[in-house]
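Trainee:
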Amino acid sequence: MKMWEVHVVFQSKGGIGKSLVATFLTQYLREKWAFPSQVLAVDADGLNNSFSNTLQSGAAVVGADMATLTDAIRAHQGDVVIDTGPSSYLAMGEWLTSPETVTTLLKEGWTIKVHSIVVGGWAQAETLQGLLHAIQVLPPQIRLIVWLNDYFGPVISPTGADFETMKIFTENRHRIWGLIRLRMRGRELL
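Each residue of the sequence shown is one higher than the one before, starting from 406 at the first, in my numbering.
#1: Can you have a look at H579 and say buried or exposed, based on whether 16 or more other CB atoms are within 10 angstroms of its CB?
#2: Could you tell me which residues DSSP pairs with V551 in its beta bridges?
#3: Suppose you measure from the CA of V551 to the CA of S493; what does that come to, to the nearest Å?
#4: Does the Cβ-Cβ distance between A449 and G483 come in under 8 Å?
#5: Among E531, V560 and G498, which has the Cα closest to the Cα of G471?
#6: In this structure, how does DSSP classify V411 when only helix, strand and coil are distinguished?
#7: Mapping DSSP to helix, strand and coil, what is V485?
#8: Can you tell me where the beta strand (DSSP E) holding V444 begins and where it ends?
#9: If you check the beta carbons only, do V519 and A539 fall under 8 Å apart?
#10: Between the C-alpha atoms of D476 and T509, what's the straight-line distance to the nearest angstrom?
#11: To which residues of the same chain is V486 closer than 6 Å at the C-beta, ignoring the five residues directly before and after it?
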């Protein structure tokens with residue numbers, strides 16, 4: 406039985422660091438395995454291939470063709486990282502909520518992890534709404550990991566409270582498997 410993971414970077418808002426997170430995940434997993442080819446990198450954004458352009462060895466570009474994506478995952482021997490862009494968000498959402506897709510992959514031994522990015526500043530409300538949507542529609546078997554990206558400002562409530570005390574986190578803590586914070590230091594992300 407397979408014991409590999411499918412990592413999907415999933416958020417509707419563009420320009421918030423999805424491809425950066427997908428690149429970090431891919432680099433980490435490639436270092437974890439003895440052979441980088443054990444990690445399949447997939448760029449599901451057919452309009453803006455920033456993920457495949459960032460990786461030295463590139464990423465397979467499937468756009469919104471979810472049947473091709475499922476076949477590629479099932480044929481692969483190793484972990485998978487999928488960067489979803491705004492052009493493929495709806496198709497990826499349908500794919501992630503399809504009982505057939507999720508059940509098939511889980512029965513074959515795959516673990517599915519969805520990475521949702523929340524940014525501070527100008528897009529915080531929209532990315533929090535995207536996270537809430539993911540919490541509400543994703544099957545409970547899918548593990549949800551939240552990345553807090555402070556590039557545009559800290560992720561805080563209007564009263565200055567941090568993410569961990571916000572209602573979205575306290576009421577949905579049981580659905581969130583991990584929390585990763587990308588902090589700013591000067592103009593560089595840490």
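All C-beta atoms, glycine included, are put in the ideal place defined by N, C-alpha and C. Keep in mind the model is a prediction, meaning the values are calculated, not measured.
Mentor: On the basis of the data shown:
#1: Locating residue 579 in the sequence shown gives position 174, counting from the first residue. Per the 10 Å Cβ criterion, exposed.
#2: Position 146 of the sequence shown, counted from the first residue, corresponds to residue 551. According to DSSP, V551 bridges with S521 and L584.
#3: Translated into the one-based positions of the sequence shown, residue 551 becomes position 146. Translated into the one-based positions of the sequence shown, residue 493 becomes position 88. Rounded to the nearest angstrom, the two C-alpha atoms are 20 Å apart.
#4: Within the sequence shown, residue 449 is the residue found at index 44, counting from 1. Within the sequence shown, residue 483 is the residue found at index 78, counting from 1. No, these two residues do not count as a Cβ contact at 8 Å.
#5: On the sequence shown, residue 471 is found 66 positions in, with the first residue counted as 1. In the sequence as presented, Gly is not what sits at residue 471; that position holds Met. Minimum Cα distance to M471 is reached at G498.
#6: Counting from one through the sequence shown, the residue named residue 411 turns up at place 6. DSSP places V411 in strand when its eight states are reduced to three.
#7: Counting from one through the sequence shown, the residue named residue 485 turns up at place 80. The answer is strand: DSSP assigns V485 an E or B state.
#8: To locate residue 444, count along the sequence shown from 1; it is residue 39. First-last of the beta strand (DSSP E) with V444: V444 to D448.
#9: For the purposes of this step, residue 519 is taken as the residue at position 114 of the sequence shown. For the purposes of this step, residue 539 is taken as the residue at position 134 of the sequence shown. Result yes, Cβ atoms of V519 and A539 sit closer than 8 Å.
#10: In the sequence shown, residue 476 corresponds to position 71, counting from 1. In the sequence shown, residue 509 corresponds to position 104, counting from 1. Looking at the two C-alpha atoms, the distance is approximately 11 Å.
#11: In the sequence shown, residue 486 corresponds to position 81, counting from 1. Cβ neighbours of V486 beyond the five flanking positions: H412, A427, L430, T431 and A446.
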